[in-house]
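Per our numbering, the sequence shown starts with residue 562, numbered consecutively.
No residue lacks a Cβ here, since even glycine has one placed at the ideal position from N, Cα and C.
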Amino acid sequence: MGINEENKLLKILQEQFKNTFNYTEDDYLHAFGKASQVLLASIIFFPDFVEIDSRIFLKRNVLDQDVIRKMLEDGEDITEVEKKFNFIEVDFLFDGGGRDLAEDADIVFAQIIKTAWDAWLKYQYPSRKFIVEIIDVEGTGESLGVQFCEESKFSIYD
Numbered sequence: 562m563g564i565n566e567e568n569k570l571l572k573i574l575q576e577q578f579k580n581t582f583n584y585t586e587d588d589y590l591h592a593f594g595k596a597s598q599v600l601l602a603s604i605i606f607f608p609d610f611v612e613i614d615s616r617i618f619l620k621r622n623v624l625d626q627d628v629i630r631k632m633l634e635d636g637e638d639i640t641e642v643e644k645k646f647n648f649i650e651v652d653f654l655f656d657g658g659g660r661d662l663a664e665d666a667d668i669v670f671a672q673i674i675k676t677a678w679d680a681w682l683k684y685q686y687p688s689r690k691f692i693v694e695i696i697d698v699e700g701t702g703e704s705l706g707v708q709f710c711e712e713s714k715f716s717i718y719d
């Protein structure tokens, strides 16, 4: 199952760019895309990671590594700590002016992020296994998000 199952991406692009019904995805990229925007978006899809106490975290969410170490020293569950720091809210990646898609497009955006993170983590850490998930509004209480954590030998996912 790809990110464009049932042409979801194409439908979103057709809504965003009027009078382009016969365009292909490549046509949209050529006509409306900007290389600078692709470079900017790469920080979402291929983020930097930092390793703390043998665990992987999104660097963008770690302002002080000692905070994570303290949480672990205080006995917080490592998987829960990972989920807290390895989470992004899709709704809040952009300010108001940058939110130029309909809200129902957020799930497709989240699926693309999930797919990219899954591949990027496998590439960066080939001997490790990660769980990358989309967390819906009911799960977060506020907004749609994507998170990851590392599988452990005690994981229910093994």
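Contact check, residue 709 vs residue 698 under 8 angstroms by CB: the rounded distance?
Taking the sequence shown and counting its residues from 1, the one referred to as residue 709 is at position 148. Taking the sequence shown and counting its residues from 1, the one referred to as residue 698 is at position 137. Not quite, the Cβ-Cβ distance comes to about 19 angstroms (not below 8 angstroms), so this is no contact.
Per the DSSP calculation, residue 582 is bridged to which residue(s)?
Residue numbering aside, residue 582 sits at position 21 when the sequence shown is read from its first letter. Answer is none; residue 582 lacks a bridge partner.
Below 9 angstroms between beta carbons: does that hold for residue 670 and residue 662?
The residue labelled residue 670 in the question sits at position 109 within the sequence shown. The residue labelled residue 662 in the question sits at position 101 within the sequence shown. Yes, they are a contact pair.
Measure the beta-carbon distance from residue 707 to residue 674 and round it to whole angstroms, keeping in mind my assumption that it falls under 8 angstroms.
In the sequence shown, residue 707 corresponds to position 146, counting from 1. In the sequence shown, residue 674 corresponds to position 113, counting from 1. So it is a contact: roughly 5 angstroms between Cβ atoms.
Identify the continuous alpha helix (DSSP H) that holds residue 698 and give its terminal residues.
For the purposes of this step, residue 698 is taken as residue 137 along the sequence shown, with counting starting at 1. 698-701 is the span of the alpha helix (DSSP H), which, as asked, contains residue 698.
How is residue 706 classed by DSSP in three states: helix, strand or coil?
Looking up residue 706 in the sequence shown gives position 145. Note: residue 706 maps to strand in three-state DSSP.
For residue 607, does the count of other Cβ atoms within 10 angstroms reach 16, so buried, or fall short, so exposed?
Taking the sequence shown and counting its residues from 1, the one referred to as residue 607 is at position 46. Residue 607 should be labelled exposed.
What's the call for residue 689, buried or exposed, on a 16-neighbour Cβ count within 10 Å?
Here residue 689 refers to the residue found at position 128 when the sequence shown is read from its first residue. Residue 689 is exposed by the Cβ-count criterion.
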